[in-house]
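Some notes on the structure that comes next.
Number of protein chains: 2
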Amino acid sequence: MVQYRPTKIDRVAAAISDPTRRAIIERLARGPARVSDIAEPFPMSLTGFCKHVKVLEGAGLVRRTRRGRDNTLELSPEPMRAVTQWIRKYEQFWNERLDRLEKFFATNKEKSP
Amino acid sequence: MVQYRPTKIDRVAAAISDPTRRAIIERLARGPARVSDIAEPFPMSLTGFCKHVKVLEGAGLVRRTRRGRDNTLELSPEPMRAVTQWIRKYEQFWNERLDRLEKFFATNKEKSP
DNA sequence: ATTATACTGAACCATATGGTTCAGTATCGC
DNA sequence: GCGATACTGAACCATATGGTTCAGTATAAT
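From first to last, the protein sequence lines stand for chains X and P.
To convert a position in the first sequence, counted from 1, into the numbering used here, add 318.
To convert a position in the second sequence, counted from 1, into the numbering used here, add 318.
Take a look at the structure:
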């Protein structure tokens, strides 16, 4: 579907919507590691696992450095901010709305007890 | 595929990975509204639009109250916290790692200037 | 030189997703 | 009661996603 070009936030949110990929991120938060080492505990083929890594790379959440046959992955958390910032922005709206509502009821209380 | 039962965070992250659904949320952050009123500016059929609404409902981000033929939608932001909390947890790991790294270099600097 | 390791790419498959149309139901306004 | 409004559901379609296997390449170890 996605006939539009997916934005950063689209890709990041989609990336973290999968438990396998969140597990990869959690693993990498403890430090960089080789693809095979991270892949080891996951109940899937290495090929399948690599697809997840590529999704994370596509979202900019993971950087890869090749040294010989080893691919070392490293977390690159910056793009995650796109999601948190969007959520925060919308929460701000939401809270302002709640504040106005509270003020309204407070005013009403005063006027008609 | 999703052969496992998707968790709350799976559903919320997937829900906000689509620009149409984020736009719906942004609209609802300004206050509740009827389905048709929100749907109006979107370049798609009402049926297609309703599917997006159902995804948001499934993630618990939107609540619906029927009054006659009108379906009024309202934001229910609580599930969003599942995502922000997960990101914050992972960021904590990441920051601790950076802190340790900084300390390591600071110590090294002292010992070999 | 041979073999083992660490991937990558292509082809394939099943299910999910995002859209459509068309037909139906329930409610409101007149 | 009759037509318009506000949806909902079913069927369908194309593409995306998450997985597989098998074959290949490049590097490392012996």
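Just so it is clear, CB atoms sit at the ideal spot from N, CA and C, and this is done for glycine as well.
With 16 other Cβ atoms within 10 Å as the buried cut-off, status of residue i
i: Phe367(P); result: buried
i: Arg323(P); result: exposed
i: Val320(X); result: Unreliable positioning characterises Val320(X) in this predicted model, as indicated by a pLDDT of 45, which lies under 50. A coordinate reading is not provided.
i: Met398(X); result: buried
i: Leu346(X); result: buried
Interface residues of chain X facing residue i [CB-CB closer than 7 Å]
i: Met362(P); result: The premise fails here: Met362(P) is roughly 11 Å from chain X at the closest Cβ pair, so nothing lies under 7 Å.
i: Glu358(P); result: Those within 7 Å of Glu358(P) in chain X number zero; the least Cβ separation is about 20 Å.
i: Asp355(P); result: Residues of chain X passing the Cβ test: none, with the nearest at roughly 17 Å.
Proximal chain X residues relative to residue i, where beta-carbon distance stays under 9 Å
i: Ala377(P); result: Going along chain X, no residue has its Cβ under 9 Å from Ala377(P), so there is no contact; the nearest lies around 10 Å.
Spatial distance of residue i from residue j (CA atoms)
i: Ala333(X); j: Pro337(P); result: 15 Å
i: Val353(X); j: Thr390(P); result: 48 Å
i: Asn426(P); j: Pro395(X); result: 26 Å
i: Arg329(X); j: Gly378(X); result: 9 Å
i: Trp412(P); j: Leu419(P); result: 11 Å
i: Gly349(X); j: Val373(X); result: 19 Å
i: Arg446(P); j: Leu393(P); result: Beyond the ends of chain P as shown, which are 319 and 431, falls residue 446(P); an answer cannot be given.
i: Ala331(X); j: Ala351(P); result: 26 Å
i: Ile405(P); j: Phe422(P); result: 26 Å
i: Gln410(X); j: Ala400(X); result: 15 Å
i: Glu358(X); j: Arg387(X); result: 17 Å
i: Ser363(P); j: Ile356(P); result: 12 Å
i: His370(P); j: Arg339(P); result: 6 Å
i: Asp417(P); j: Ala424(P); result: 10 Å
i: Pro431(P); j: Tyr408(P); result: Low confidence applies to Pro431(P): its pLDDT is 39, below 50, so where it sits in the model is not reliable, and the reading given next is rough at best. Cα to Cα, the separation comes out at about 34 Å.
i: Ser335(P); j: Ile327(X); result: 7 Å
i: Ile342(X); j: Arg415(X); result: 38 Å
i: Thr402(P); j: Thr402(X); result: 6 Å
i: Gly376(X); j: Arg381(P); result: 33 Å
i: Thr365(P); j: Thr365(X); result: 38 Å
i: Glu344(X); j: Thr325(P); result: 17 Å
i: Phe360(P); j: Phe360(X); result: 41 Å
Contacts of residue i in chain P (Cβ-Cβ under 7 Å)
i: Thr402(X); result: Thr402, Ile405
Contacts of residue i in chain X (Cβ-Cβ under 8 Å)
i: Ala424(P); result: Within 8 Å Cβ-Cβ: nothing; Ala424(P) doesn't reach chain X, min ~19 Å.
Exercise for review: Ignoring anything shorter than 3 residues or poking outside the region 350-406 of chain P, list the beta strand (DSSP E) runs there in chain order.
Suggested key: 380-385, 388-393
Review point. Can you list, in chain order, the residues of the region 334-353 of chain P whose Cβ is nearer than 8 Å to any Cβ on chain X?
Key: Ile334, Ser335, Asp336, Pro337, Arg340, Ile343, Glu344, Ala347, Arg348, Gly349
Point to revise | chain P contacts made by the region 374-398 of chain X, where a contact means CB separation under 9 Å | key: Leu393, Pro395, Met398
Point to revise | Near-chain P residues of the region 409-420 of chain X (beta-carbon distance less than 8 Å), N- to C-terminal order | key: Glu409, Phe411, Trp412, Arg415
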